[in-house]
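A.B. asks: Below you'll find the structure I mean.
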Amino acid sequence: SVPAQLTSGQEQINAGWQELSEKEQERAAMALAGKYNTVAFISGNIDIISDGENVLKIDGGDSRMRKVSGTGCMLSALCALFAAVAYLSHVSAAGDSSKIPIAETTDNKTETGINESKYNRKHGLSEKYFYTAYSAGKVWKETAKNTGVSTDIKSVGKGSIGTYHSLLFDELEGIIGKGI
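Residue numbering for the sequence shown follows our numbering, beginning at 14 and increasing consecutively.
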């Protein structure tokens, strides 16, 4: 995935991308999450996750992820998958899901975002979403690390990016298939 970047219009075009410091990433994640009442996830060498008040960090992975198109998209999909599972397991534990009207899950007239939904606040889903994003990030970093090892073994230490790319999704499928 692409490292967290700071861009400023024409300067970006002329000077290229400037990588944010870890502290700047934290502040950006907290500001975004707070402003939009959601969970912000900034991926890079160290992933930063914030709900606007709290910050979690994930280290690890493999540097080759930056060279593979779609890894950020896959991480986003994993976060969505984990959040959906958290929501569905929550609804299942609450009993018959038909008893929870869709209108209660969001109230666009007065509030927006996962942290401000009346249903989410009442039932503690905001915190679950924060930790599910962290869990998805941990799975993705572990997948990247394991793929790097497999690539180096199969490529006798030369680890081509094509081999890494194809093995990355095989590794994730294996991890997800085990039920995490």
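Glycine is no exception: its CB is placed at the ideal position from the N, C-alpha and C atoms.
Taking all protein chains shown into account, decide if Val169 is buried (16 or more other Cβ within 10 angstroms of its Cβ) or exposed.
C.D. replies: As a working note, residue 169 is residue 156 in the sequence shown. Counting Cβ neighbours within 10 Å, Val169 comes out exposed, since fewer than 16 surround it.
A.B. asks: If you count every other CB in all the chains shown that lies within 10 Å of the CB of Val81, and 16 or more means buried, which is it?
C.D. replies: Counting from one through the sequence shown, the residue named residue 81 turns up at place 68. Val81 should be labelled buried.
A.B. asks: Pull up the CB-CB distance for Gly85 and Ser56, whole angstroms please, since I reckon it's below 8 Å.
C.D. replies: For the purposes of this step, residue 85 is identified with residue 72 of the sequence shown, where counting begins at 1. For the purposes of this step, residue 56 is identified with residue 43 of the sequence shown, where counting begins at 1. That belief holds up - the Cβ atoms of Gly85 and Ser56 are roughly 6 Å apart, short of 8 Å.
A.B. asks: What residue ranges within the segment 145 to 190 form continuous beta strand (DSSP E) runs of no fewer than 3 residues, ordered along the chain?
C.D. replies: Runs of the beta strand (DSSP E) inside the segment 145 to 190: none found.
A.B. asks: By Cβ distance below 6 Å, which residues in the same chain neighbour Leu181 in space, the five residues on each side in sequence not counted?
C.D. replies: Here residue 181 corresponds to residue number 168 of the sequence shown, with the count starting at 1. Once the five neighbours on either side are set aside, the close Cβ partners of Leu181 are Thr160.
A.B. asks: Could you check whether Tyr142 and Asp64 sit closer than 9 Å to each other, using their CB atoms as the reference points?
C.D. replies: As a working mapping, residue 64 is identified with position 51 in the sequence shown. As a working mapping, residue 142 is identified with position 129 in the sequence shown. Yes, the pair counts as a contact, with Cβ atoms nearer than the cut-off.
A.B. asks: Let's test the definition: count the other Cβ atoms within 10 Å of the Cβ of Ala106 and tell me whether it reaches 16, buried, or not, exposed.
C.D. replies: As a first step, residue 106 must be located in the sequence shown, where it is residue number 93. The residue is exposed, with fewer than 16 neighbouring Cβ atoms inside 10 Å.
A.B. asks: Within its chain, find whatever has a CB closer than 7 Å to the CB of Asp183; leave out the 5 residues flanking it on each side and keep chain order.
C.D. replies: Numbered from 1 along the sequence shown, position 170 holds the residue referred to as residue 183. If we look at Asp183 and ignore the five residues flanking it on each side, it has no Cβ neighbours.
A.B. asks: Would you list the one or two residues that DSSP bridges to Lys141?
C.D. replies: Mapped onto the sequence shown, residue 141 falls at position 128. BP columns for Lys141 are empty, so no partner.
A.B. asks: Taking 8 Å as the cut-off, does the segment 144 to 164 touch the segment 88 to 101 (at least 3 CB pairs, one atom from each stretch)?
C.D. replies: They touch, by the three-pair rule.
A.B. asks: First and last residue of the beta strand (DSSP E) that includes Lys70?
C.D. replies: For the purposes of this step, residue 70 is taken as the residue at position 57 of the sequence shown. Here the beta strand (DSSP E) through Lys70 covers 68 to 72.
A.B. asks: May I ask you to report which of helix, strand or coil DSSP gives Ile76?
C.D. replies: Position 63 of the sequence shown holds residue 76. The sequence shown places Ser at residue 76, rather than the Ile named in the question. Correct three-state label for Ser76: helix.
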